[in-house]
Structures are given as structure tokens and as C-alpha cells.
Amino acid sequence: MPHPILETTDLTVRFGGHVAVDHITCNFNAGELTAIVGPNGAGKTTYFNLISGQIPVSEGRVKLNGTDITRMSVAQRTHRGIGRAFQLTNLFPNLSVLENIRLVVQSKAGRGFNILSMADSHAELTGPAYEILERIRMTDQADQVVSELSHGDQRKLEVALLIALDPLVYMFDEPTAGMSVDEAPVVLDLIAELKTRKDRAILLVEHKMDVIRTLADRIIVLHNGALAADGDPAEVMASDVVQEAYMGRDLEEALANV
Amino acid sequence: MLKTLVSGDTPRSPILLAVLLAILVCLALAPFLFPGVRSVDTAARICIFIVLVASYDLLLGYGGIVSFAHTMFFGLGAYGVALASSRMGPGFDSLLVGSVAGAGLAALLALVIGLFSLRVRAIFFAMITLAVASAVAVLVSQLSSLTGGEDGLSFKIPRALGPAFKFMDGEIFGVKANGKLLKYYLVFISCFVLFLLMLRVVNSPFGRVLQAIRENDFRAEAIGYRVVHYRVAATCLSAAIAALAGALYAIWLRYVGPDTTLSMEIMIDILLMVVIGGMGTMYGAVIGATLFVLAQNYLQNVLSLAGESVSALPFLPDLLNADRWLLWLGVLFILSVYFFPTGIVGRLRGK
Numbered sequence: 011m012p013h014p015i016l017e018t019t020d021l022t023v024r025f026g027g028h029v030a031v032d033h034i035t036c037n038f039n040a041g042e043l044t045a046i047v048g049p050n051g052a053g054k055t056t057y058f059n060l061i062s063g064q065i066p067v068s069e070g071r072v073k074l075n076g077t078d079i080t081r082m083s084v085a086q087r088t089h090r091g092i093g094r095a096f097q098l099t100n101l102f103p104n105l106s107v108l109e110n111i112r113l114v115v116q117s118k119a120g121r122g123f124n125i126l127s128m129a130d131s132h133a134e135l136t137g138p139a140y141e142i143l144e145r146i147r148m149t150d151q152a153d154q155v156v157s158e159l160s161h162g163d164q165r166k167l168e169v170a171l172l173i174a175l176d177p178l179v180y181m182f183d184e185p186t187a188g189m190s191v192d193e194a195p196v197v198l199d200l201i202a203e204l205k206t207r208k209d210r211a212i213l214l215v216e217h218k219m220d221v222i223r224t225l226a227d228r229i230i231v232l233h234n235g236a237l238a239a240d241g242d243p244a245e246v247m248a249s250d251v252v253q254e255a256y257m258g259r260d261l262e263e264a265l266a267n268v
Numbered sequence: 011m012l013k014t015l016v017s018g019d020t021p022r023s024p025i026l027l028a029v030l031l032a033i034l035v036c037l038a039l040a041p042f043l044f045p046g047v048r049s050v051d052t053a054a055r056i057c058i059f060i061v062l063v064a065s066y067d068l069l070l071g072y073g074g075i076v077s078f079a080h081t082m083f084f085g086l087g088a089y090g091v092a093l094a095s096s097r098m099g100p101g102f103d104s105l106l107v108g109s110v111a112g113a114g115l116a117a118l119l120a121l122v123i124g125l126f127s128l129r130v131r132a133i134f135f136a137m138i139t140l141a142v143a144s145a146v147a148v149l150v151s152q153l154s155s156l157t158g159g160e161d162g163l164s165f166k167i168p169r170a171l172g173p174a175f176k177f178m179d180g181e182i183f184g185v186k187a188n189g190k191l192l193k194y195y196l197v198f199i200s201c202f203v204l205f206l207l208m209l210r211v212v213n214s215p216f217g218r219v220l221q222a223i224r225e226n227d228f229r230a231e232a233i234g235y236r237v238v239h240y241r242v243a244a245t246c247l248s249a250a251i252a253a254l255a256g257a258l259y260a261i262w263l264r265y266v267g268p269d270t271t272l273s274m275e276i277m278i279d280i281l282l283m284v285v286i287g288g289m290g291t292m293y294g295a296v297i298g299a300t301l302f303v304l305a306q307n308y309l310q311n312v313l314s315l316a317g318e319s320v321s322a323l324p325f326l327p328d329l330l331n332a333d334r335w336l337l338w339l340g341v342l343f344i345l346s347v348y349f350f351p352t353g354i355v356g357r358l359r360g361k
């Protein structure tokens with residue numbers, strides 16, 4: 011077994027009496043893409059929020075490379091290597107496409123408090139930002155304001171921000187939702203490319219069966235906030251737990267209907 | 011070269027460029043183009059308010075932070091200069107000590123307020139600044155032994171900045187070459203440099219982070235920026251620059267009092283100037299402050315002229331009476347917000 015990059019131990023959050031994430035203990039390894047599935051309201055996005063720090067944990071721990079990050083702020087976790095793309099597009103709408111990505115590159119370089127130089131004069135920040143734009147094939151839109159982009163392009167940019175951050179743990183929350191058939195492959199190719207690097211862990215919340223089948227090395231199933239199944243994609247899809255989690259329906263069929 | 015001077019933030023509109031150049035030329039040559047005590051005084055006020063309004067826009071338009079304490083910081087600089095000059099005696103050293111101490115104190119106070127309140131929510135910060143600013147205004151009027159209370163403080167400035175000081179045989183192009191002229195250029199050049207400095211700050215990597223936080227603080231945090239740190243830093247910077255503007259104002263007036271620096275009225279004027287000019291653009295501060303200060307100083311004259319010209323008609327002379335200038339200022343404000351919701355600069359840049 012390779013050394014786990016990310017570990018969650020008994021990770022739990024309660025909202026009033028409702029247990030949204032229920033004692034999830036799970037490890038994520040480098041070079042492995044884990045698909046996280048489950049019906050709506052199973053706690054997938056909440057589990058993500060606990061790992062990336064948007065919601066404080068009620069119980070349990072999150073460890074990154076052996077360091078406990080449970081009490082760290084979102085920004086601190088980001089600097090240590092947790093990166094997240096959001097389910098609902100979450101960008102800087104009145105800034106240009108290039109500026110959105112440049113801000114990420116700048117954050118990584120720790121240059122945010124540079125107060126007296128011109129932002130545009132930093133070739134070492136603008137250059138890498140352009141490279142990312144090339145990888146997602148959006149160089150033509152570099153100077154466009156984000157709010158004027160199509161929905162699909164905004165989704166692509168959402169993923170691009172995460173690629174620019176290049177964290178140790180990539181967390182994608184339905185990255186291709188709302189994308190057209192031509193647009194989705196660009197993003198999926200990028201994710202497949204990340205897998206080949208072998209030094210990053212990738213977590214993917216996804217409903218599309220074909221995406222899971224081509225990309226996932228492993229599937230975990232959440233049901234009512236708890237870990238219901240964990241293992242090889244083919245085995246998990248056939249297991250009883252999954253059948254039950256989806257109320258008797260086949261996973262594939264259930265997911266197709268979501 | 012020029013582009014570097016304005017930090018790559020060009021006006022991006024020929025009309026805006028023309029207007030800005032006209033304002034720059036008028037302010038740079040004000041004592042020669044408009045000789046006269048009142049017009050030069052208006053020009054100096056415009057310079058100072060451009061800096062004050064721009065420093066507020068740094069907070070509101072770039073950082074998305076609402077503060078009601080900006081006049082307090084303005085006042086700290088003004089009182090700094092006044093106290094230093096009256097305690098240490100007139101001299102450039104007391105002006106410098108007063109300005110630096112005022113700016114430092116303003117930044118420190120902003121740091122404390124920011125650390126206390128910016129962690130929570132932006133609205134909480136607005137409330138705290140309102141409370142602190144009111145408390146400071148009361149304190150200043152009560153501590154009359156130190157601050158002169160409601161009467162304020164008159165003080166002497168170095169002789170080189172006074173009308174009695176003559177140079178160049180006392181005349182340049184028919185304008186009196188005295189310390190008053192030097193004082194105007196001290197104000198003008200300081201304001202010009204401070205403005206260019208702020209233009210640089212908003213176009214720096216730091217300025218971009220501020221804009222990102224204004225747009226989406228949640229995501230800014232998620233890509234690794236500690237939002238609180240940036241908001242506090244912006245508050246401190248803005249406070250220090252406001253204090254420097256206050257110091258210049260005190261030097262220009264040779265007087266400081268609660269009404270000239272600390273009052274809520276000035277705070278509201280600043281807000282209006284930012285909104286009229288256009289939030290989130292430094293050039294908006296230039297246009298907003300120029301229009302507003304001109305209106306404050308000359309709308310009465312325009313009105314009395316207009317009133318005389320229609321004196322034969324019924325009702326209209328009353329409406330155009332010079333005493334109604336505030337009413338018309340209000341009307342102008344409503345019209346400008348209605349027709350230019352993104353401010354004049356926003357409109358000219360086609361947003």
C-alpha cells in the first residue's frame with residue numbers, strides 16, 4: 011500500500027440533531043482517483059466541505075501527509091495542498107479570465123502582499139497563467155470578463171483554477187455538470203492527465219456513469235452521511251450495500267436518473 | 011514611461027482622458043490660471059479631497075469594505091500637524107512629525123478596529139467604525155485643553171509657506187511669488203504623488219487580491235488568501251493616506267477643528283463623491299471630488315446669477331434662490347446616480 015496523502019478519521023458533522031456526515035474513516039492515496047457517489051443529500055459535498063475547511067468539524071480528524079489540519083483555516087489548508095473546484099461555479103465574475111487564473115498562480119507564489127509593483131509586469135505570474143489557459147484551450151478568451159462567458163466556459167475555468175493551484179489533493183465536485191458534449195472531454199482529459207502524475211490524490215464527486223467507469227480507480231459510496239461501500243469500481247457497483255443505498259435500484263440506473 | 015506612472019491603468023476612454031488632463035492642467039496651474047484667493051483655495055481643496063476620496067475608494071470600491079471612520083483618520087492627520095506645530099513651534103520638522111505621527115496612529119487604530127471586527131462580517135465593521143468615529147469626535151470636543159474643543163486650533167506654519175515670504179523678486183508671470191504659492195504647490199505635489207501611489211497600489215498584485223475579495227471572498231480564501239489579513243491591511247493603508255490628506259488640509263488652512271475634519275457631514279460628502287465619480291476606479295475619485303467641491307463652492311454663485319436672470323418671472327426666482335443650493339446639489343446627486351449607476355467614470359468606460 012502506498013502512503014496515504016489524505017486521511018479522514020471518524021469525520022463527523024452535525025447540524026442541530028441531523029448528522030450530515032457520520033464518522034467517515036477513509037484514506038486517499040497518491041496516484042489514485044476515487045469517485046465519491048451516493049444519492050442526493052448523502053453528504054458528498056458536506057464531506058468535501060469538511061476536508062477543505064469551509065465547515066467546522068464536529069468530531070474526528072483530517073490529516074494531510076500525516077499533519078493534522080482539522081483546525082486550520084481554508085487558506086492554510088490550501089497552502090498545504092488541499093485544492094477544491096466547486097459544484098456551483100465560484101469565480102471572480104468582474105475580473106478577466108486571465109486575472110482569475112493569475113490570482114491563483116500569485117497565491118501559490120505567495121506574492122499577494124506585493125503592493126508597489128504593477129500586477130501586469132510580473133511575467134513569472136502571467137506566463138504560467140497563460141500556460142493553464144492553453145491547456146484548457148481558452149487563450150482566445152484571456153481578456154474576456156468572466157461574467158460574459160458561457161456557462162460551459164465558466165465550468166472549464168472553475169476546473170482551470172484548481173489545475174493552476176496544483177494541490178496535493180484535487181477535489182472535483184461534478185466538474186462536467188452543465189458542459190456540452192464537446193466541452194466535457196477537455197476537462198476529463200485534464201483529469202486523466204493528473205492521474206498519470208502518480209503524486210497527487212484525486213477525489214471526484216460524479217454522477218455520470220461513463221466518467222466514473224473511465225476514470226475511477228476506486229469508488230466510495232456515501233449513504234445518509236455514512237460510508238456505505240469502498241473498493242474496486244466493479245465490485246462496489248455489484249454489492250448489496252449499493253443496491254440498498256439506492257433503494258433497490260441498480261447504481262448505474264439510479265445514477266442515470268439523477 | 012507614462013504608462014508606468016499611471017501603473018498601466020489608462021483612462022480607456024478619450025472623453026475621460028480629456029477630462030482628466032483638463033483637471034490636471036487646471037490644478038497644476040491653478041494659481042496662474044485662476045489667481046484669486048477663493049479659486050486657489052478651491053483648487054487646494056479639490057487636490058486634498060481627491061486624495062481623501064481615493065483613499066476611501068481603496069476601501070469601498072476595491073476592498074468592498076464600508077467604513078464610517080474615514081473622517082476620523084482624516085482628522086487624526088490634521089490634529090497631528092496642528093498639535094505638533096503648536097507644541098514644537100512652527101517648522102517643517104513639526105509638520106513632518108505631526109503628519110507621520112497622525113498617519114501612524116491612524117494606521118494603528120485601523121489595525122485594532124480591523125482585527126476586532128473584520129473577522130466577523132463586513133457589516134459589523136461598518137457599525138464599529140461608526141461607534142469609534144463618534145466616540146473620537148466627542149473626545150476631541152471634550153478635551154478642549156489639548157484640542158481646543160469645538161473652537162479648534164489655529165497654529166503657525168513655517169514662514170516659507172506664508173504670504174510674507176517672497177522670492178523671485180516677488181512675482182512670476184504677474185502672480186505673487188510668495189509662501190502661499192509654495193504652500194499650494196506643496197499641497198498639489200503631495201496630493202499628486204499620493205494619488206499615483208494609490209493608483210499603483212490598486213493595480214499591484216495586492217490590489218488584485220482586494221478586487222478578488224470584493225468579488226468573491228469565499229473563493230479568495232479557497233485559493234489561499236487570508237481574507238482578514240488583506241482587509242485589515244487595506245484598512246490600515248487607507249487610514250494612513252486619509253491621515254496624510256488631513257495633515258495637508260490642516261497645513262493649508264492653518265487651522266483644525268471638528269467641523270473641518272471630523273464631522274459626519276464630511277463623511278457623507280466623501281461617500282457622495284465616491285458614488286458620483288464611480289466606485290472601484292481611482293479616476294472616479296478625481297471626477298467626483300472635483301465636481302463636488304466645485305458645486306459646494308460655486309453653485310450658490312451660479313444660482314444667484316440664474317435667479318437674477320429670471321427675476322421677472324413668478325415662482326422661479328424663489329426656486330433658484332442662492333439659499334437653495336443644497337436642494338439643487340441633492341437634485342444633481344439623484345440625477346447622477348440615476349443616469350450613471352456605475353458613476354461617471356464607469357459610464358465613460360462603457361460599463
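Line by line, the protein sequences are chains D and W. Just add 10 to wherever you are in the first sequence, counting from 1, and you've got the working numbering. Just add 10 to wherever you are in the second sequence, counting from 1, and you've got the working numbering. Just so it is clear, CB atoms sit at the ideal spot from N, CA and C, and this is done for glycine as well.
Asked: Chain W within 9 Å of D:T55, Cβ atoms only; Found: no
Asked: C-alpha distance - W:L125 paired with D:P66, whole-angstrom precision; Found: 21 Å
Asked: Chain D contacts from the region 68 to 93 of chain W (Cβ-Cβ distance under 9 Å); Found: none
Asked: Any chain W beta carbon closer than 9 Å to D:L171; Found: yes
Asked: The region 267 to 274 of chain W contacting the region 142 to 151 of chain W, beta-carbon criterion three pairs below 8 Å; Found: yes
Asked: Whether D:V231 touches D:A239 by CB criterion (9 Å); Found: yes
Asked: Rounded Cβ spacing between W:A113 and W:L254 (contact assumed at less than 8 Å); Found: 5 Å
Asked: D:N100 versus D:D199 - alpha carbon distance; Found: 22 Å
Asked: Where D:A239 falls: helix, strand or coil (DSSP); Found: strand
Asked: Euclidean distance between Cα positions of D:M219 and D:R121; Found: 41 Å
Asked: D:M181 (DSSP reduced to helix, strand or coil); Found: strand
Asked: Beta-carbon contacts of D:N59 that lie in its chain and below 7 Å, excluding the five residues immediately before and after; Found: I65
Asked: Cβ-based burial, W:V203 [other Cβ within 10 Å; buried from 16]; Found: exposed
Asked: Simplified DSSP state of D:H132, which is helix, strand or coil; Found: coil
Asked: Complete alpha helix (DSSP H) runs within the region 92 to 140 of chain W (minimum length 4 residues, chain order); Found: 102 to 127
Asked: Environment of W:P168 [buried if 16+ CB atoms lie within 10 Å]; Found: buried
Asked: Cβ-Cβ distance between D:I212 and D:E42 below 9 Å; Found: yes
Asked: Amino acids of chain W, ordered along the chain, whose beta-carbon sits closer than 7 Å to that of D:N104; Found: E225
Asked: Interfacial residues, the region 208 to 219 of chain W to chain D, with Cβ spacing under 9 Å; Found: R210, V211, N213, S214, P215, F216, G217, R218, V219
Asked: Pairwise C-alpha distance: W:L163 and W:G267; Found: 6 Å
Asked: Coil, strand or helix - W:N331 by DSSP; Found: coil
Asked: Beta carbon proximity, W:Y293 to chain D, threshold 9 Å; Found: no
Asked: C-beta neighbour in chain D for W:A222, strict 9 Å; Found: yes
Asked: Identity of the residue in W:S109, W:S314, W:V296, W:L313 nearest W:L37 by Cα; Found: W:V296
Asked: Chain W contacts made by the region 123 to 142 of chain D, where a contact means CB separation under 9 Å; Found: F123, N124, I125, L126, S127, M128, A129, D130, S131, H132, L135
Asked: Which residues DSSP lists as bridging D:C36, in chain order; Found: D:T18
Asked: For W:A79, three-class secondary structure by DSSP; Found: coil
Asked: Range covered by the alpha helix (DSSP H) that runs through D:H161; Found: 161 to 175
Asked: Test item: CB-CB of W:N331 and W:L315 under 9 Å; Found: no
Asked: Any chain W beta carbon closer than 9 Å to D:S100; Found: Sequence check: residue 100 of chain D is Asn here, not Ser. Judged by the 9 Å Cβ criterion, D:N100 is in contact with chain W.
Asked: Same chain, Cβ closer than 8 Å to W:K13, five either side skipped, listed in chain order; Found: T20
Asked: Short Cβ contact (9 Å threshold) for W:F44 with W:V50; Found: yes
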